[in-house]
Amino acid sequence: MKAKFLKSLLLLLPVLAFIGCNTDDNYYYYYPDPNVSLGMIANASPDSGDLFFYADANSINSSALNYPNAAGYYNFYLGDRTFSIQDAAGNELATVDKTLEAGTFFSVFAVNTFANIELVVYDDVLEYPSTADKSMVRFINLSPDAPAIGVNLQDNELASGIEFKQATDFIEIDSGTHTLTFTNPSGEVLYTYADVNFTPKSIYTIYTKGYVTPPDGSNDSFSTRRIRNWN
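Everything in the sequence shown is counted per UniProt numbering, starting at 1 for the first residue and increasing by one.
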């Protein structure tokens, strides 16, 4: 990929009424700095509250990142780095190590319930679709109590057996408006993401969130969130 993008803050709006909505802000293109790696941060921990992300001792987000929002990409120095999250009181909640290489993209997700919160890093292998009428999308299962899930686009199976915290590769699909269904191993539909528009030559991440069976006091049912990684 010759041209890539950087958006200083990618803020995602909530999914409403069980039908996915995504606000795509303006993006600009650049040629990546060969001396940095580019990372996104995301809060996918259902009851976590305000989270602050750090790379070693350096703050990444000056404003709290609430569930289920994401921000980035940010520039990061190369080498062995330790990422961590803190709550609003400054208590360290979880850490993860990652070796950053030049020109690479990655995403750091806070996942699991707040009582068991952890950080997971995913490599973002951003490559153009093969033709101008295609898009790329990957799926991540981040619903703490979900079984291995399958994903269907209309009647076509895109992925199956995605375990908790597991991500698929980026999958090429036709651009345009589609309906995605997320199923359990028995084929029962857990969630329908209707009228999803995939822009030509764009790259997306869609992750599941919330609970298949919400705990007492929670109305955070199983649903999805979409991040636009590129274009």
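Beta carbons: idealized from backbone N, C-alpha and C, even for Gly.
Test item: CB-CB of residue i and residue j under 9 Å
| i | j | result |
| --- | --- | --- |
| LEU51 | LEU78 | no |
| ASP220 | ASP56 | no |
| ILE149 | THR183 | yes |
| ALA42 | PHE109 | yes |
| LEU153 | THR192 | no |
| ALA159 | SER107 | no |
| PRO85 | SER135 | Checking the displayed sequence, the identity of residue 85 turns out to be Ile instead of Pro. Against a cut-off of 9 Å, the Cβ pair of SER135 and ILE85 comes out as no contact. |
| TYR204 | VAL111 | no |
| ASP123 | THR104 | yes |
| SER218 | THR208 | no |
| GLY161 | PRO185 | yes |
| ARG226 | VAL196 | yes |
Identified DSSP bridge partners for residue i
| i | result |
| --- | --- |
| ASP33 | Its beta-bridge partners do not exist; DSSP assigns none. |
| TYR77 | VAL36 |
| LEU126 | Note: LEU126 sits in no beta bridge, so no partner. |
| LYS209 | SER223 |
| ARG146 | The sequence as given places Ala at residue 146; Arg does not occur at that position. None, per the DSSP bridge assignment. |
| SER135 | ILE173 |
| ALA167 | ILE140 |
| THR179 | The partner list for THR179 (beta bridge, DSSP) is empty, contrary to what the question assumes. |
Simplified DSSP assignment, three categories, for residue i
| i | result |
| --- | --- |
| ASN197 | strand |
| ALA115 | helix |
| ILE173 | strand |
| GLY161 | strand |
| SER63 | coil |
| GLN86 | strand |
| SER107 | strand |
| ASP56 | coil |
| residue 289 | Since the first residue of the chain shown is 1 and the last is 231, residue 289 is not available in this structure. |
| ASP50 | coil |
| LEU13 | Confidence at LEU13 is low in this model, with a pLDDT of 29, below 50, so the placement of that residue is unreliable and no value is reported for it. |
| ALA94 | strand |
| ALA102 | coil |
| GLY187 | coil |
| ASN43 | strand |
| ASN229 | strand |
| GLY72 | strand |
Residue i to residue j span [Cα, whole Å]
| i | j | result |
| --- | --- | --- |
| ALA88 | GLU118 | 16 Å |
| GLY39 | ARG228 | 13 Å |
| ALA64 | ALA44 | 14 Å |
| VAL96 | SER59 | 15 Å |
| GLY187 | THR177 | 23 Å |
| ASN116 | PRO214 | 16 Å |
| LEU126 | SER37 | 13 Å |
| ASN22 | THR181 | Low confidence applies to ASN22: its pLDDT is 34, below 50, so where it sits in the model is not reliable enough to give any reading. |
| VAL120 | PHE53 | 13 Å |
| TYR30 | ALA102 | At TYR30 the pLDDT is 47, less than 50, meaning the model places this residue with poor confidence; the figure from the coordinates comes in the next sentence. Roughly 15 Å between the two C-alpha positions. |
(message) For the pair the region 135-142 and the region 163-172, tell me if three or more CB-CB distances fall below 8 Å.
(response) yes
(request) State whether the region 200-208 contacts the region 123-136, with contact taken as three or more CB pairs (one from each stretch) at a distance under 8 Å. (result) A contact between stretches requires three or more CB pairs, one per stretch, nearer than 8 Å, and the region 200-208 meets this requirement with the region 123-136.
(request) Evaluate contact between the region 144-163 and the region 73-87, counting only Cβ atoms and requiring at least three cross-stretch pairs below 8 Å. (result) no
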